[in-house]
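Number of protein chains: 2
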Amino acid sequence: MVLTRAEQRAATRRALLAEGRRRFAEDGYHDVVFAEVAHAVGVTKGAAYHHFDSKAGLFRAVVAEVQQELGERVAATADRQDDLWERLRAGCRAFLAAGADPAVRRILLVDAPTVLGWQEWRAMDDAASVRHLVDALADLVDAGVVAEQPVEPLARLLSGALNEAALWLAETPGRDALAQTEQALDRLLAGLHVSR
Amino acid sequence: MVLTRAEQRAATRRALLAEGRRRFAEDGYHDVVFAEVAHAVGVTKGAAYHHFDSKAGLFRAVVAEVQQELGERVAATADRQDDLWERLRAGCRAFLAAGADPAVRRILLVDAPTVLGWQEWRAMDDAASVRHLVDALADLVDAGVVAEQPVEPLARLLSGALNEAALWLAETPGRDALAQTEQALDRLLAGLHVSR
DNA sequence: TCGTTCACATACCGGGGGTATGTTAGCGTC
DNA sequence: GACGCTAACATACCCCCGGTATGTGAACGA
Chain H
0 MVLTRAEQRA ATRRALLAEG RRRFAEDGYH DVVFAEVAHA VGVTKGAAYH HFDSKAGLFR
60 AVVAEVQQEL GERVAATADR QDDLWERLRA GCRAFLAAGA DPAVRRILLV DAPTVLGWQE
120 WRAMDDAASV RHLVDALADL VDAGVVAEQP VEPLARLLSG ALNEAALWLA ETPGRDALAQ
180 TEQALDRLLA GLHVSR
Chain B
0 MVLTRAEQRA ATRRALLAEG RRRFAEDGYH DVVFAEVAHA VGVTKGAAYH HFDSKAGLFR
60 AVVAEVQQEL GERVAATADR QDDLWERLRA GCRAFLAAGA DPAVRRILLV DAPTVLGWQE
120 WRAMDDAASV RHLVDALADL VDAGVVAEQP VEPLARLLSG ALNEAALWLA ETPGRDALAQ
180 TEQALDRLLA GLHVSR
């Protein structure tokens, strides 16, 4: 089968992205060598630079991909709930569960802030994940379930709490660590609920 | 004045530590070149390797130093309060305020987890900061102010929330962002308080 | 005083990110 | 359908920088 040029290009790019994602998740950004990613895909380093301007550029693309997937997964889980409050809880729990994926942990939570810089990381995180959290909180405020207040500081606190907890859970052997964390999170969230 | 050999060694080490701290805070781990740190102190790269086994080793020492200072500062602020609940609040607020220091942000919160690995970072963070948080929460549980529960997941959630919020505050121009964050934090904490 | 130690300097190596320069195959154009 | 252009690759190279191996002179103990 003969491929058109555009198809070939797209296929190579996809392959680099997939291989990069595998290695970044496994070894961490620093220990991944760009040329090896290229060769693993059957392409030389020089060729890989036609698709990504730098090693960080490849990483950035991988981050965007993983972010996107995570955001959608969490949002989908949350949307399965009808009650607004349960939506918030479900979203948070889905995020904690997503930390089981090494790609999420190593790439998004550990390496991304350093490699891309915290500001850029935050912007991407905002667009993909925290935005949903902000929306959910805003809905709750509108519904009168949560007291009127600026919602972004709250979202930042919760986002940080979830990130850290997800990392912690991944390295904590205890069977019930997840359940305990979810319970602790519920207690914190309860502080937001006007009538509880 | 002539220095003894031990004095000379200690002085060089201190100077490397100070210069490293400055640069790590300013430029981030990756953009700091080890040889330049050495030369800025009036010493060659080879000499610097007599004091620190690697660039990461220097960074590790800097992290320990900053961690130590931060932990002490936060604990001192908290201990100024008599009431256990106010102690917790004061400690959290002191931590948020500490995020104003670029060294804390860039070195401790952004770079340390990647450079040292998340596990080692966590161990150091535990020893210097989170331990105080765990103690404060445990005291509150003992006093019956906070419901009986495993205290570590809670501490992890709070630690993550504070880390993220500290970073966010540093880049958020709004005058009242700090006040809003403190208020949001109070609401979350309120969920822990049995009689509120 | 003399040998040893140790805090440094000097010189070198090699990995790896990034670039400059071919080369060949697909694509539009006449 | 030949021809020139473009673009997706390969090849070869640079050089920065972390790390190491080796030299040197001054302080220290005996």
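Chains as they are written, first to last, in numbering that gives the first Met the number 0: chain H, 0 to 195; chain B, 0 to 195. Cβ coordinates follow ideal geometry from the N, Cα and C atoms, glycine included.
Three-state class that DSSP yields for residue i in the structure shown
i      : result
H131/B : helix
H49/B  : coil
V32/H  : coil
V145/B : strand
Pairwise C-alpha distance: residue j and residue i
i      : j      : result
E147/B : G159/B : 22 Å
R59/H  : Q118/H : 13 Å
D175/B : D81/B  : 27 Å
L229/H : F23/H  : In the structure as shown, chain H starts at 0 and stops at 195, and residue 229/H therefore has no counterpart that could be examined.
Q179/B : P152/H : 7 Å
H131/H : H192/B : 28 Å
P149/H : W167/B : 14 Å
A98/B  : A111/B : Note on identity: in this sequence residue 98/B is Gly, with Ala being the wrong assignment. C-alpha separation (whole angstroms): 15 Å.
V61/B  : A137/H : 41 Å
A63/B  : P172/H : 26 Å
T3/H   : E181/H : 51 Å
V129/B : Y48/H  : 43 Å
E18/B  : T43/B  : 14 Å
E6/H   : R12/H  : 10 Å
A109/B : L157/B : Note on residue identity: the sequence assigns Val, not Ala, to residue 109/B. Cα to Cα, V109/B sits roughly 17 Å from L157/B.
L188/H : R21/H  : 35 Å
R186/B : G190/H : 5 Å
A96/H  : A165/H : 7 Å
L184/H : C91/H  : 9 Å
N162/H : E68/H  : 16 Å
A93/B  : W120/B : 21 Å
G45/H  : Q66/B  : 42 Å
G10/H  : G27/B  : In the sequence under discussion, the amino acid at residue 10/H is Ala, which differs from the Gly named in the question. In a straight line, the C-alpha of A10/H is about 35 Å away from that of G27/B.
T76/B  : A154/B : 18 Å
T113/B : E25/H  : 13 Å
V40/H  : L16/H  : 10 Å
L177/B : E170/H : 32 Å
Where the alpha helix (DSSP H) containing residue i begins and where it ends
i      : result
D78/H  : K54 to D78
D124/H : W117 to D124
D110/B : No alpha helix (DSSP H) contains D110/B, which DSSP labels as neither H nor E.
L157/H : V150 to A169
G208/H : Outside the displayed range of chain H (0 to 195) lies residue 208/H, so it cannot be described from this structure.
G41/B  : No alpha helix (DSSP H) contains G41/B, which DSSP labels as neither H nor E.
D26/B  : R4 to D26
A102/B : Here A102/B belongs to no alpha helix (DSSP H), and DSSP marks it neither H nor E.
L187/B : A176 to A189
Residue i: contacting residues in chain H (beta-carbon distance under 8 Å)
i      : result
D110/B : T113
Q118/B : E170
A126/B : The premise fails here: A126/B is roughly 15 Å from chain H at the closest Cβ pair, so nothing lies under 8 Å.
Chain H residues whose Cβ lies nearer than 7 Å to that of residue i
i     : result
V84/B : It is worth fixing the name first, because residue 84/B is Trp in this sequence and not Val. Near W84/B there are no residues of chain H at all, since even the closest Cβ is about 13 Å away, more than 7 Å.
Chain B residues whose Cβ lies nearer than 7 Å to that of residue i
i      : result
Q179/H : P149 and P152
Contacts of residue i in chain H (Cβ-Cβ under 9 Å)
i      : result
L200/B : Beyond the ends of chain B as shown, which are 0 and 195, falls residue 200/B; an answer cannot be given.
A176/B : P149, E151 and P152
Under 8 Å by beta carbon: chain B residues contacting residue i
i      : result
A183/H : Q148, P149, P152, L153 and L156
Contact list for residue i against chain B, beta-carbon separation under 9 Å
i      : result
G196/H : Any property of residue 196/H remains undetermined from this structure, which presents chain H solely from 0 to 195.
Closer than 8 Å is the cut-off here; do at least three beta carbon pairs connect the region 27–42 of chain H with the region 53–66 of chain H?
yes
Given 8 Å as the limit, is there contact between the region 71–89 of chain B and the region 98–105 of chain B, that is, 3 or more CB pairs closer than that?
no
Does the region 67–74 of chain B touch the region 136–156 of chain B, meaning 3 or more C-beta pairs lie closer than 8 Å?
no
Taking 8 Å as the threshold, find out whether the region 122–131 of chain H comes into contact with the region 36–44 of chain B through three or more Cβ pairs.
no
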